[in-house]
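**Student:** One structure coming up, written as structure tokens, with questions to follow.
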Amino acid sequence: YKSTSWKISLYIRKNYLLIQTMTMFKLNIYIVLSWRSP
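Using this note's numbering, the letters of the sequence shown correspond one by one to residues 2 to 39.
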């Protein structure tokens, strides 16, 4: 039980970091594009 919950928490943590990174990346692209356009 403990090992399974630990794996699940690790998986959730990894996914959270990945989602956060992707969101920041998209946000940065959007800001750059909106800044470039007149």
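Ideal Cβ positions, reconstructed from N, Cα and C, are used throughout, including at glycine. Fair warning: this is a prediction, and the values are worked out from it, not measured in the lab.
Residue range of the alpha helix (DSSP H) that S4 falls in?
**Tutor:** Residues K3 to R37.
**Student:** Can you give me the C-alpha to C-alpha distance between R14 and V33, rounded to a whole angstrom?
**Tutor:** Straight-line Cα distance between these residues: approximately 29 Å.
**Student:** What's the gap between the Cα of L19 and the Cα of M25?
**Tutor:** Cα to Cα, L19 sits roughly 10 Å from M25.
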